[in-house]
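Asker: Sending over a structure as structure tokens; questions will come in a sec.
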Amino acid sequence: MYLLDTNACLDFLLLRSPILVKRLAEVFQSCSVSTITVAELRVGNRTSADPVEDDRKLDLFLSALDVEPFDAAAAERYGRMMRDLSLKRTSFDRLIAAHALTLGLVLVTSNTSDFADVPGLKVENWAAKY
Numbered sequence: 006m007y008l009l010d011t012n013a014c015l016d017f018l019l020l021r022s023p024i025l026v027k028r029l030a031e032v033f034q035s036c037s038v039s040t041i042t043v044a045e046l047r048v049g050n051r052t053s054a055d056p057v058e059d060d061r062k063l064d065l066f067l068s069a070l071d072v073e074p075f076d077a078a079a080a081e082r083y084g085r086m087m088r089d090l091s092l093k094r095t096s097f098d099r100l101i102a103a104h105a106l107t108l109g110l111v112l113v114t115s116n117t118s119d120f121a122d123v124p125g126l127k128v129e130n131w132a133a134k135y
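Below is the structure:
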């Protein structure tokens, strides 16, 4: 089972990585997104040249995936992770990492280096392999 990071969703929606698009098509039924990712994608749409069309595409994409709620367990995991890593600055990436750990899912991202310091997090970059 996989949790798609925001950049993996964008790589798919914008067709930026044929390799990722192919891999995602193969395992689409095993993929989900975090409500944190949905928030990031919605914020990004406000700068779109055609926000109405992009919202339609995003709605269609999200309707085909399980959207995992960022719940109390994920919030607790996030707090512990930030404390254990002695991190003061927060980011959507840290929230998504905590969510993937809580759900026991592999995080799919094009920015693997952003998650390299998170112990126990399984990360795959589908834009770089397959």
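The sequence shown begins at 6 in this note's numbering and counts up one residue at a time.
Ideal Cβ positions, reconstructed from N, Cα and C, are used throughout, including at glycine.
These numbers were taken from a predicted model, which means no experiment stands behind them.
Going by other Cβ atoms of all chains shown within 10 Å of its Cβ, with 16 needed for buried, is S118 buried or exposed?
Answerer: Start at 1 with the first residue of the sequence shown, and residue 118 comes out as number 113. With fewer than 16 Cβ atoms within 10 Å of its Cβ, S118 is classed as exposed.
Asker: As a quick exercise: from V48, P23 and F75, pick the residue whose alpha carbon is nearest that of S37.
Answerer: On the sequence shown, residue 37 is found 32 positions in, with the first residue counted as 1. Comparing Cα-Cα distances from S37 to each of V48, P23 and F75, the minimum goes to F75.
Asker: If you run the structure through DSSP and keep just helix, strand and coil, what is S22?
Answerer: Numbered from 1 along the sequence shown, position 17 holds the residue referred to as residue 22. In the structure shown, S22 sits in coil (DSSP, three-state: anything other than H, G, I, E or B).
Asker: Once the 5 residues before and after D16 are set aside, which same chain residues still bring their CB inside 7 Å of it?
Answerer: As a first step, residue 16 is located in the sequence shown; it is residue number 11 there, counting from the start. Once the five neighbours on either side are set aside, the close Cβ partners of D16 are S22, L25, S115 and A132.
Asker: Distance, Cα to Cα, R85 vs L112?
Answerer: Walking along the sequence shown from the start, residue 85 turns up at place 80. Walking along the sequence shown from the start, residue 112 turns up at place 107. Their backbone Cα atoms lie some 19 Å apart in a straight line.
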